[in-house]
Amino acid sequence: MVYRAVFVGCLFFLLVLEGTVLQWVLPQAWGSTIVIVPQLVVAGVVILSLFRGERAGLIYGFGFGLLYDVVYGPVLGMHAFTMAAVGYFAGLISRQFAPGAIVSLLTTSLSITVHLIMTYGLFRLFGLTDMDWNQALVYHVAPSVVFNVVAALPVDRVFRWVNQKWDTRSLSFD
Numbered sequence: 013m014v015y016r017a018v019f020v021g022c023l024f025f026l027l028v029l030e031g032t033v034l035q036w037v038l039p040q041a042w043g044s045t046i047v048i049v050p051q052l053v054v055a056g057v058v059i060l061s062l063f064r065g066e067r068a069g070l071i072y073g074f075g076f077g078l079l080y081d082v083v084y085g086p087v088l089g090m091h092a093f094t095m096a097a098v099g100y101f102a103g104l105i106s107r108q109f110a111p112g113a114i115v116s117l118l119t120t121s122l123s124i125t126v127h128l129i130m131t132y133g134l135f136r137l138f139g140l141t142d143m144d145w146n147q148a149l150v151y152h153v154a155p156s157v158v159f160n161v162v163a164a165l166p167v168d169r170v171f172r173w174v175n176q177k178w179d180t181r182s183l184s185f186d
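Per the working numbering, residue 13 is the first one in the sequence shown, and the count goes up by one each step.
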């Protein structure tokens, strides 16, 4: 039970961090046309699901995605769906590969890319953006993926340390 609270606390801290401090230091705050969307919670859910499996990734992804929708999102359930999906599929990857640093880096970059593309697609579907696909890819998705993968490195180290400190499957929902 304490282990779940530690990971939930870490994910909640990442949610607060990406909504407060990071908004002041990103390029769009200084008038740039490049928009970086911090997705530290997605990175945390992906890394957590690499350690704890697809069911944990699905549950934590849905829970924090729904929280993200309530706090920041214009459509309720959109981020809950996309975070749950990438958390689940990252957990499936953990069945095939040992969760090392390279696997975490590649899985995080792929998952964040898929999450941002799914989010963009849903925004287009609901008519919340009229931005062209090429413009979204160049000015939003690519810079956001690079930023989030670099920012996910310390998240990976912290989650790896917590996982090694309490090496138990008590976080698994199986």
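Positions of the beta carbon are idealized from the N, C-alpha and C atoms, including for glycine.
Quick one: measure Cβ to Cβ for residue 54 and residue 127, integer angstroms, because I've assumed they're closer than 8 Å.
By one-based count along the sequence shown, residue 54 stands at place 42. By one-based count along the sequence shown, residue 127 stands at place 115. At roughly 5 Å, the Cβ-Cβ gap stays under 8 Å, so residue 54 and residue 127 are in contact.
Would you say residue 96 and residue 76 are within 7 Å of each other, going by their C-beta atoms?
What you label residue 96 is simply residue 84 of the sequence shown in a count that begins at 1. What you label residue 76 is simply residue 64 of the sequence shown in a count that begins at 1. No, the pair does not count as a contact, with Cβ atoms beyond the cut-off.
Leaving out the 5 sequence neighbours to the left and right, which residues in its chain are closer than 6 Å to residue 100 when beta-carbon positions are compared?
Working through the sequence shown from its first residue, we reach residue 100 at position 88. Excluding sequence neighbours, residue 100 sits near 66, 69, 70.
In three-state terms, what does DSSP make of residue 186?
The sequence position of residue 186 within the sequence shown is 174, counting from 1. Reliability fails at residue 186, whose pLDDT of 46 lies under 50, so the model's placement of it is uncertain and no value is given.
Quick check on this structure: which residue in 156, 135, 72, 112 has the alpha carbon closest to the alpha carbon of residue 46?
Taking the first residue of the sequence shown as position 1, residue 46 is located at position 34. It is 156 whose Cα lies nearest to the Cα of residue 46.
Take every Cβ of the region 84-91, pair it with every Cβ of the region 130-142, and state whether three or more of those distances are shorter than 8 Å.
yes
Give the straight-line distance between the Cα atoms of residue 112 and residue 140, rounded to the nearest whole angstrom.
As a position in the sequence shown, residue 112 is number 100, starting the count at 1. As a position in the sequence shown, residue 140 is number 128, starting the count at 1. Roughly 38 Å separates the two Cα atoms.
Same chain, Cβ closer than 6 Å to residue 56, five either side skipped, listed in chain order
What you label residue 56 is simply residue 44 of the sequence shown in a count that begins at 1. Excluding positions up to five away in sequence, the list reads 23, 26, 167.
Throw me the rounded Cβ distance for the residue 193 and residue 62 pair, which I believe falls under 8 Å.
Residue 193 lies beyond the stretch modelled for the chain, which goes from 13 to 186, so this question has no answer here.
Residue 143 to residue 150, Cα distance in whole Å?
As a first step, residue 143 is located in the sequence shown; it is residue number 131 there, counting from the start. As a first step, residue 150 is located in the sequence shown; it is residue number 138 there, counting from the start. When rounded, the distance between both Cα atoms is 11 Å.
Restricting to runs no shorter than 4 residues, where is the alpha helix (DSSP H) found entirely within the region 18-47?
33-37
Close Cβ partners of residue 125 (< 8 Å) along its chain, the five nearest in sequence each way excluded:
As a position in the sequence shown, residue 125 is number 113, starting the count at 1. Only 153, 157 meet the Cβ criterion.
Measuring alpha carbon to alpha carbon, tell me which of 129, 160, 81 ends up nearest residue 146.
Within the sequence shown, the letter at position 134 stands for residue 146. Here the closest residue by C-alpha is 129.
Please work out which residues of its chain come closer than 8 Å, Cβ to Cβ, to residue 186, disregarding the five sequence neighbours upstream and downstream, and give them in chain order.
Against the sequence shown, residue 186 aligns to sequence position 174. Unreliable positioning characterises residue 186 in this predicted model, as indicated by a pLDDT of 46, which lies under 50. The coordinate reading is nonetheless provided below. Counting only Cβ-Cβ distances below 8 Å, and skipping sequence neighbours, we find 65, 67.
Look at the alpha carbon of residue 107 and the alpha carbon of residue 16, and state the distance between them as a whole number of angstroms.
Reading the sequence shown from its first residue, position 95 is the one you call residue 107. Reading the sequence shown from its first residue, position 4 is the one you call residue 16. Their Cα atoms are separated by approximately 21 Å.
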